[in-house]
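Student: Each protein sequence line maps, in turn, to chains C and L.
So in the working numbering the end of the first sequence lands on 221, straight run, no missing numbers.
So in the working numbering the end of the second sequence lands on 221, straight run, no missing numbers.
Note that beta-carbon positions come from the ideal geometry of N, C-alpha and C, so glycine has one too.
Computed from a prediction, not measured in an experiment: that's the story for all the values here.
Pasting a structure here, questions to come.
2 protein chains.
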Amino acid sequence: MTHGSPPDPDGGPLPGRRERKKLATRHALSAAALQLATERGLENVTIEDITARADVALRTFRNYFASKDEAICAIAADRARQIGTALLERPASEPLPEALLNAVLQHYQGTGQPFGQESMAAIRLIAGSPAIRGEYLKINAEMQDALAAAIGERTGTDPGTDMYPQILAGAVIAATQVAIRRWFRADPPEPLLPIIELALHQLTSASAE
Amino acid sequence: MTHGSPPDPDGGPLPGRRERKKLATRHALSAAALQLATERGLENVTIEDITARADVALRTFRNYFASKDEAICAIAADRARQIGTALLERPASEPLPEALLNAVLQHYQGTGQPFGQESMAAIRLIAGSPAIRGEYLKINAEMQDALAAAIGERTGTDPGTDMYPQILAGAVIAATQVAIRRWFRADPPEPLLPIIELALHQLTSASAE
DNA sequence: AGGCAATCTTGCCTTTCAGGCAAGGTTGTG
DNA sequence: CACAACCTTGCCTGAAAGGCAAGATTGCCT
Numbered sequence: 013m014t015h016g017s018p019p020d021p022d023g024g025p026l027p028g029r030r031e032r033k034k035l036a037t038r039h040a041l042s043a044a045a046l047q048l049a050t051e052r053g054l055e056n057v058t059i060e061d062i063t064a065r066a067d068v069a070l071r072t073f074r075n076y077f078a079s080k081d082e083a084i085c086a087i088a089a090d091r092a093r094q095i096g097t098a099l100l101e102r103p104a105s106e107p108l109p110e111a112l113l114n115a116v117l118q119h120y121q122g123t124g125q126p127f128g129q130e131s132m133a134a135i136r137l138i139a140g141s142p143a144i145r146g147e148y149l150k151i152n153a154e155m156q157d158a159l160a161a162a163i164g165e166r167t168g169t170d171p172g173t174d175m176y177p178q179i180l181a182g183a184v185i186a187a188t189q190v191a192i193r194r195w196f197r198a199d200p201p202e203p204l205l206p207i208i209e210l211a212l213h214q215l216t217s218a219s220a221e
Numbered sequence: 013m014t015h016g017s018p019p020d021p022d023g024g025p026l027p028g029r030r031e032r033k034k035l036a037t038r039h040a041l042s043a044a045a046l047q048l049a050t051e052r053g054l055e056n057v058t059i060e061d062i063t064a065r066a067d068v069a070l071r072t073f074r075n076y077f078a079s080k081d082e083a084i085c086a087i088a089a090d091r092a093r094q095i096g097t098a099l100l101e102r103p104a105s106e107p108l109p110e111a112l113l114n115a116v117l118q119h120y121q122g123t124g125q126p127f128g129q130e131s132m133a134a135i136r137l138i139a140g141s142p143a144i145r146g147e148y149l150k151i152n153a154e155m156q157d158a159l160a161a162a163i164g165e166r167t168g169t170d171p172g173t174d175m176y177p178q179i180l181a182g183a184v185i186a187a188t189q190v191a192i193r194r195w196f197r198a199d200p201p202e203p204l205l206p207i208i209e210l211a212l213h214q215l216t217s218a219s220a221e
């Protein structure tokens, strides 16, 4: 067993007890990590603490995650990989720019509220702790790849051959991240989605290369 | 003494013996790390090996770098921070898009050759080893910030207030990275600069959001 | 049911990392 | 020259990282 990704990325029709348990363990670990980190601060949490709360052996942690950071970011990472499907679910009639905008907005609004409390805590933790920054950047890169793949699929270009999907995805993700950073520091708080929308519009007008 | 940045980032007029020694130690450590990693592979190098080759105490390593990865990427990181000045050195008469293109090209061509052998080794190592990827992404982020600051200075916008410089910088860096990735995997090898140029042009036409 | 293979969990172990602390040497300065 | 600032180093402790094998669980087939 390696670590880094959920046990069963694709939603097979019959997960089976084994897969379900693995997902449960994985989630328990990352949730415990996130809780403890928000409670005490990341530095004051050992992997042993995390496994204690998740009620598994210390050694088991390492079957799932390579580091504390990875465990904490797991929810965000799992979520990040789905941004591609958000794009693919946009109606084919929508022009690509609009579809991208909507896919990103949808990805960052979840079902109803701007973010679940879990995610909020994660975001604050990530943004506040430089230690997790590396992990966050990896997630970003994954989002970019996922989005590029979706763009390629939608436009019929192969990301392996043509750089265009990667470039477009990279630009969109970069702009979105700038928006998120701004939103995070906004005082008084501002809603996130309009900032993202603005950022993506500015990216368009940044066609000045 | 903390670690993460060169001892004296700004080139003061009189470095003094102390600063010079620190720079020398720092460079010796990162060079040793790079050499050893290319020789044996990253996994087969301990910090102790590095300090042995650089002829300093193990404990000293930690005064300069937080990890092996950071040491290996130090040259690249130091270099990355200079991309901003590359832009600022472009003549003010040049339109921003052109200035950006030229600044990036210049940054990636160094003095004469495409890359020094050191840098080449570093790049192959970084691209080949997922372990260093996090560190590489951090460097990217630094490049983005440096470039954004320069863009802001050049256009008279404050990156703290206006997202535009950050967005533009993010898009440019992202496109450049895509180009580098493509260049790295090109078989047979292709020259880097034309690929970067193509990527930045595609970014322009990707104004389709 | 029963058995077999795959695979997960766990404990044990060794190596390496990480960083606080204080002693001793070097450098910069009045 | 004396003093302050600062680096290097050794020592030490706690945590992380991961190989390995025994035991348990699960999936699947007969």
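I'd like the list of long-range same chain contacts for C/Thr-63, defined as Cβ closer than 7 angstroms, with 5 residues on each side in sequence excluded.
Tutor: Here residue 63 of chain C corresponds to residue number 51 of the first sequence, with the count starting at 1. So the qualifying residues of the chain are Ala-69, Leu-70, Thr-72, Phe-73.
Student: Rounded to whole angstroms, how far is the Cβ of L/Ala-115 from the Cβ of L/Ala-88, which I believe are closer than 8 angstroms?
Tutor: Your numbering for residue 115 of chain L matches position 103 in the second sequence. Your numbering for residue 88 of chain L matches position 76 in the second sequence. Actually they do not touch by this definition, with Cβ atoms about 17 angstroms apart.
Student: Counting C-beta neighbours from all protein chains within 10 Å, is the total for L/Gln-94 16 or more, i.e. buried, or is it exposed?
Tutor: As a first step, residue 94 of chain L is located in the second sequence; it is residue number 82 there, counting from the start. L/Gln-94 is exposed by the Cβ-count criterion.
Student: Is the CB-CB distance between L/Pro-177 and L/Thr-188 below 8 angstroms?
Tutor: Numbered from its first residue, the second sequence carries residue 177 of chain L at position 165. Numbered from its first residue, the second sequence carries residue 188 of chain L at position 176. No; because the gap between Cβ atoms is not below 8 angstroms, this pair is not in contact.
Student: For a minimum of 4 consecutive residues, which ranges assigned as the alpha helix (DSSP H) are wholly contained in the stretch 85-169 of chain L?
Tutor: Taking only runs of at least 4 residues, the alpha helix (DSSP H) segments lying wholly in the stretch 85-169 of chain L are 95-100, 108-119, 129-140, 142-167.
Student: Tell me, to the nearest whole angstrom, how far the beta carbon of C/Pro-18 is from that of C/Arg-38; I am working on the premise that it is less than 8 angstroms.
Tutor: Here residue 18 of chain C is taken as the residue at index 6 of the first sequence, counted from 1. Here residue 38 of chain C is taken as the residue at index 26 of the first sequence, counted from 1. Indeed, because the Cβ distance is near 6 angstroms, the residues count as touching under 8 angstroms.
Student: Quick one: which chain C residues come within Cβ less than 9 angstroms of L/Ile-135?
Tutor: Mapped onto the second sequence, residue 135 of chain L falls at position 123. None at all; the shortest Cβ gap to chain C is about 17 angstroms.
Student: For the alpha helix (DSSP H) that contains C/Asp-67, what are its first and last residues?
Tutor: Here residue 67 of chain C refers to the residue found at position 55 of the first sequence. Careful: C/Asp-67 lies outside any alpha helix (DSSP H) and carries neither H nor E.
Student: According to DSSP, is C/Gly-222 helix, strand or coil?
Tutor: Because chain C here runs from 13 to 221, residue 222 of chain C falls outside it and cannot be looked at.
Student: Let's test the definition: count the other Cβ atoms within 10 Å of the Cβ of C/Met-13 and tell me whether it reaches 16, buried, or not, exposed.
Tutor: Indexing the first sequence from 1 puts residue 13 of chain C at position 1. Counting Cβ neighbours within 10 Å, C/Met-13 comes out exposed, since fewer than 16 surround it.
Student: Assuming L/Ser-42 is part of the alpha helix (DSSP H), what are its boundary residues?
Tutor: One-based indexing of the second sequence puts residue 42 of chain L at position 30. Per DSSP, L/Ser-42 belongs to the alpha helix (DSSP H) from 28-52.
Student: Should C/Lys-80 be flagged as near chain L, meaning a C-beta pair shorter than 8 angstroms?
Tutor: Residue 80 of chain C sits at position 68 when you count from the first residue of the first sequence. It does not: the Cβ of C/Lys-80 has no partner Cβ on chain L nearer than 8 angstroms.
Student: Measure from the alpha carbon of L/Leu-113 to the alpha carbon of each residue in L/Ile-185, L/Gly-28, L/Arg-197, then state which is nearest.
Tutor: Locating residue 113 of chain L in the second sequence gives position 101, counting from the first residue. The option with the nearest alpha carbon to L/Leu-113 is L/Ile-185.
Student: Hey, is C/Arg-194's beta-carbon within less than 8 angstroms of any beta-carbon in chain L?
Tutor: Walking along the first sequence from the start, residue 194 of chain C turns up at place 182. Output row for C/Arg-194: interface = yes.
Student: Classify C/Pro-171 as buried or exposed, calling it buried when 16 or more other Cβ atoms lie within 10 Å of its own Cβ.
Tutor: In the first sequence, counting from the first residue as 1, residue 171 of chain C sits at position 159. When all chains shown are included, C/Pro-171 counts as buried.
Student: Does DSSP put L/Val-57 in a helix, a strand or coil?
Tutor: Sequence index remark: in the second sequence, residue 57 of chain L carries index 45 (1-based). Of the three classes helix, strand and coil, the one that applies to L/Val-57 here is coil, per DSSP.
Student: Buried or exposed: which applies to C/Glu-82, given that a residue is buried once 16 or more other Cβ atoms fall within 10 Å of its Cβ?
Tutor: As a first step, residue 82 of chain C is located in the first sequence; it is residue number 70 there, counting from the start. Counting Cβ neighbours within 10 Å, C/Glu-82 comes out buried, since at least 16 surround it.
Student: Please decide whether C/Gly-146 counts as near chain L, where near means a Cβ-Cβ distance under 8 angstroms.
Tutor: Position 134 of the first sequence holds residue 146 of chain C. With 8 angstroms as the cut-off, C/Gly-146 counts as an interface residue toward chain L.
Student: Buried or exposed: which applies to L/Gly-28, given that a residue is buried once 16 or more other Cβ atoms fall within 10 Å of its Cβ?
Tutor: For the purposes of this step, residue 28 of chain L is identified with residue 16 of the second sequence, where counting begins at 1. Flag for L/Gly-28 reads exposed.
Student: Helix, strand or coil for L/Pro-203 per DSSP?
Tutor: Mapped onto the second sequence, residue 203 of chain L falls at position 191. Residue state, collapsed to three classes: coil.
Student: From the beta carbon of L/Tyr-176, is the nearest beta carbon of chain C less than 8 angstroms away?
Tutor: Position 164 of the second sequence holds residue 176 of chain L. Yes - at least one Cβ of chain C is within 8 angstroms of the one on L/Tyr-176.
Student: Applying the criterion that 16 or more other CB atoms from any shown protein chain within 10 Å of the CB defines a buried residue, is C/Asn-56 buried or exposed?
Tutor: Here the question's residue 56 of chain C lines up with position 44 in the first sequence. With fewer than 16 other Cβ atoms within 10 Å, it is exposed.
Student: Measure how close the beta-carbons of C/Ile-208 and C/Ala-191 come, nearest whole angstrom, since I'm counting them as under 8 angstroms.
Tutor: To locate residue 208 of chain C, count along the first sequence from 1; it is residue 196. To locate residue 191 of chain C, count along the first sequence from 1; it is residue 179. Sure, about 4 angstroms apart at Cβ, within 8 angstroms.
Student: Spell out whether any CB of chain L is found under 8 angstroms from the CB atom of C/Leu-204.
Tutor: Along the first sequence, one-based indexing puts residue 204 of chain C at 192. Judged by the 8 angstroms Cβ criterion, C/Leu-204 is not in contact with chain L.
Student: For the putative contact between L/Ala-92 and L/Ile-151, defined by C-beta atoms under 8 angstroms, what is the C-beta separation to the nearest angstrom?
Tutor: Here residue 92 of chain L refers to the residue found at position 80 when the second sequence is read from its first residue. Here residue 151 of chain L refers to the residue found at position 139 when the second sequence is read from its first residue. Contact flag correct, Cβ pair sits at about 5 angstroms.
Student: Whose Cβ in chain C lies nearer than 8 angstroms to the Cβ of L/Lys-34?
Tutor: Residue 34 of chain L sits at position 22 when you count from the first residue of the second sequence. Neighbours of L/Lys-34 on chain C: none; closest Cβ ~23 angstroms, over 8 angstroms.
Student: What's the C-alpha gap between C/His-213 and L/Pro-203?
Tutor: The residue labelled residue 213 of chain C in the question sits at position 201 within the first sequence. The residue labelled residue 203 of chain L in the question sits at position 191 within the second sequence. If you take the alpha carbons of C/His-213 and L/Pro-203, they lie about 34 angstroms apart.
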